[in-house]
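Read through the structure below, which is laid out as structure tokens, and then see the notes.
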Amino acid sequence: MKSIVLIGFMGSGKTSVGARLSELTGARFVDTDELIVKNEKKNINDIFANVGEEGFRRIETTTLSGLAGLSGNGLVISTGGGIVTRPCNIPLLKKAGRVVFLRVTAKTVVRRLAGDTSRPLLRGDDPQKKVHDLMEKRKDMYEAAADITIDCDELTVDEIANKVLQNCKE
Ligand code: S3P
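Number 19 in the numbering used here belongs to position 19 of the sequence shown; there are no gaps in the numbering.
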């Protein structure tokens, strides 16, 4: 199996869908944020506080680059929502595997992430506006990076995972 790479906004379900895909296929599941937290021995908020978003992006690219080198290994990879914002990551995503965009609306993200404090970019005043603004900036980037796009607002994790598999067989 060619590796499957999940991209999409925060709260789009990449981690849950990735874990389900791993169960269904037996493929190893890797989450770039989890890998970063493990390697840096700090949570994402602390990494942002210490080295800023730019520093986090550099670490993210290095992590993705390592995974792109394992593309033959049939992994399921879920990525951080901002991975598409660095142009140099796009060829790395493509090299890493079949890129699947889990598309959700801002409304869904706001509902799912209400009260969440683990995402530094949504902390502070008016997280709703932050979601809308970031989504507006990024939506074309996700589309451009994706081989496959799945609209996920109305689907369960299982339904999304099955759609991914159907599309990845074709
Ligand atoms: C980010 C998304 C987060 C994490 C970091 C930055 C973003 O991952 O990488 O907080 O810029 O959208 P999730 O998409 O898994 O929440």
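Glycine included, each C-beta is placed from N, C-alpha and C at the ideal position.
Distances from the CB of Thr61 to the heavy atoms of the ligand S3P are all 7 Å or more. As computed with DSSP, Asp158 is found in no beta bridge at all.
Within its own chain, the residues whose Cβ lies closer than 7 Å to the Cβ of Cys152, once the five positions on either side in sequence are excluded, are Ser12, Gly13, Leu102, Arg103, Val104 and Ile160, listed in chain order. By the criterion of a C-beta distance shorter than 6 Å, Leu113 is surrounded in its chain by Gly11, once the five residues flanking it on both sides are discounted.
Under a 10 Å Cβ-count criterion, Ser78 is classified as buried, with 16 or more other Cβ atoms of the shown protein chains found around its own Cβ. In this structure, Asp31 lies away from Val99, with their beta-carbon atoms at least 8 Å apart. With a threshold of 16 other beta carbon atoms within 10 Å, Asp33 meets it and is buried.
Around Ser22, the same chain offers Phe29 and Val76 as residues with beta carbons nearer than 6 Å, after the five sequence neighbours per side are excluded. Not one heavy atom of the ligand S3P lies closer than 7 Å to the C-beta of Pro127.
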